[in-house]
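Colleague: What follows is a single structure, and I will ask about it in a moment.
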Amino acid sequence: MNIYERRISLVCSPYHKFSGKESLTSSQDFKHSVLESDKLRSLPAEQRIPLLHLKQDVPTRWNSTVIMIERLIEMKNVLTEALTALSRVADLLDEMEWNILLDCSQLLNPLKEVTEQLSGENYSTISMVIPLIKCMVHVIEQQLPTTAVGILLQSKLLTTVEKRFSLARNKIAAISTFLDPRFKHVPFDGLNDVKQWIQEEIAQDIQKNSPSTSRKSKTTC
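Quick note on numbering that gives the first Met the number 0: the sequence shown kicks off at 0 and runs consecutively.
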């Protein structure tokens with residue numbers, strides 16, 4: 000895991016509780032019960048729905064929570080049928096809880112996608128970090144959560160991302176993005192600082208390699 004993946008993990012880790020995962024015991028219960036697993040497999044066949052395996056949350060991988068939520072939403076109807084057939088109506092999520100899951104999925108998915116982009120060993124470069132984070136923030140800002148939990152999660156995520164990713168002041172990341180032709184039309188904060196940094200670097204190189212500097216060094220020796 001590189002430093003930026005780690006930062007995204009730190010952004011998301013405190014907010015697992017927003018997913019209401021204490022209510023999401025269905026995926027674990029079905030996996031631990033042969034009878035219920037059989038019932039879950041039979042229902043999609045009866046309804047001509049392709050079988051999707053439920054995913055479990057893995058505490059050491061924050062994005063597993065997002066994957067689990069997405070799969071639960073995809074299987075909402077199937078799970079409702081299965082739990083009802085097994086007389087487990089008390090375990091059914093109500094409409095508000097489903098809406099909370101939907102909000103959490105939409106807000107956390109951009110962070111999951113950025114993590115996947117940054118973990119690509121063959122093509123991930125530091126010049127991609129600022130554009131990816133900028134795009135991620137924009138997508139989160141554009142979401143319209145419908146629940147109080149979703150609204151709070153959106154606010155917390157944006158605040159934490161701003162705190163952990165002041166990338167415009169990261170000299171190497173900013174200069175790398177500026178010099179990468181793929182991102183020449185991507186504006187970002189601190190652009191004037193980047194231009195000044197590049198000018199300073201060029202001036203230092205010129206001064207270091209100028210004949211007068213070389214002669215002065217020899218004379219001093």
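Idealized CB from N, CA, C, for every residue including glycine.
1) Please say whether Pro180 and Ile139 have beta carbons closer to each other than 8 Å?
2) Give the straight-line distance between the Cα atoms of Val148 and Glu115, rounded to the nearest whole angstrom.
3) What does a CB cutoff of less than 6 Å around Phe164 pick up in its chain, not counting 5 residues either side in sequence?
4) Excluding five sequence neighbours on each side, which residues of the same chain lie with their C-beta closer than 7 Å to the C-beta of Gln142?
5) Quick check on DSSP: helix, strand or coil for Ile48?
6) Taking the alpha helix (DSSP H) that Gln105 belongs to, which residues open and close that run?
7) Does DSSP classify His184 as helix, strand or coil?
8) Report back the beta-carbon spacing between Leu91 and Ile72 to the nearest angstrom; my notes put them in contact at under 8 Å.
9) Write down the C-beta distance between Met95 and Thr146 rounded to the nearest angstrom, noting that I regard them as a contact closer than 8 Å.
10) If the criterion is Cβ atoms closer than 8 Å, does the pair Ser126 and Phe182 meet it?
11) To the nearest angstrom, how far is the alpha carbon of Lys170 from that of Asp192?
12) May I ask you to report which of helix, strand or coil DSSP gives Asn169?
13) Determine the burial state of Ala84: buried for a count of at least 16 other Cβ atoms within 10 Å of its Cβ, exposed for fewer.
14) Whole angstroms are fine: how far does the CA of Asn208 sit from the CA of Asn62?
15) Please report the distance separating the alpha-carbon of Arg87 from that of Val185.
16) Pro144 by DSSP, collapsed to three states: which one?
Modeller: Walking through what the data contain:
1) Position 140 of the sequence shown, counted from the first residue, corresponds to residue 139. Position 181 of the sequence shown, counted from the first residue, corresponds to residue 180. It is not a contact, given that the beta carbons lie outside the stated cut-off.
2) Along the sequence shown, one-based indexing puts residue 148 at 149. Along the sequence shown, one-based indexing puts residue 115 at 116. Approximately 26 Å, taken between the alpha carbons.
3) For the purposes of this step, residue 164 is identified with residue 165 of the sequence shown, where counting begins at 1. Within the same chain, Phe164 has close Cβ partners Ile132.
4) Mapped onto the sequence shown, residue 142 falls at position 143. The residues are Gln105, Leu106, Gln153.
5) Within the sequence shown, numbered from 1, the residue matching residue 48 stands at position 49. Note that Ile48 has pLDDT 47, beneath the 50 cutoff, so the model's placement of it is unreliable and the number below is only indicative. In this structure, Ile48 counts as coil in the three-state DSSP scheme.
6) Position 106 of the sequence shown, counted from the start, is the residue given in the question as residue 105. Gln105 -> alpha helix (DSSP H) spans 94-117.
7) Start at 1 with the first residue of the sequence shown, and residue 184 comes out as number 185. Residue state, collapsed to three classes: coil.
8) To locate residue 91, count along the sequence shown from 1; it is residue 92. To locate residue 72, count along the sequence shown from 1; it is residue 73. Wrong, their Cβ atoms sit about 14 Å apart, outside the cutoff.
9) On the sequence shown, position 96 is the one that residue 95 refers to. On the sequence shown, position 147 is the one that residue 146 refers to. Yes, Met95 and Thr146 are in contact; Cβ-Cβ is about 7 Å, under 8 Å.
10) Numbered from 1 along the sequence shown, position 127 holds the residue referred to as residue 126. Numbered from 1 along the sequence shown, position 183 holds the residue referred to as residue 182. For Ser126 and Phe182, yes; Cβs fall inside 8 Å.
11) Residue numbering aside, residue 170 sits at position 171 when the sequence shown is read from its first letter. Residue numbering aside, residue 192 sits at position 193 when the sequence shown is read from its first letter. Near 9 Å, if we compare the C-alpha coordinates of Asp192 and Lys170.
12) Position 170 of the sequence shown, counted from the start, is the residue given in the question as residue 169. It is coil, neither helix nor strand.
13) Your numbering for residue 84 matches position 85 in the sequence shown. That one is exposed.
14) Walking along the sequence shown from the start, residue 62 turns up at place 63. Walking along the sequence shown from the start, residue 208 turns up at place 209. Roughly 49 Å separates the two Cα atoms.
15) As a first step, residue 87 must be located in the sequence shown, where it is residue number 88. As a first step, residue 185 must be located in the sequence shown, where it is residue number 186. Cα to Cα, the separation comes out at about 52 Å.
16) Residue mapping note: residue 144 aligns to position 145 of the sequence shown, counting from 1. Pro144: coil per DSSP, three-state reduction.
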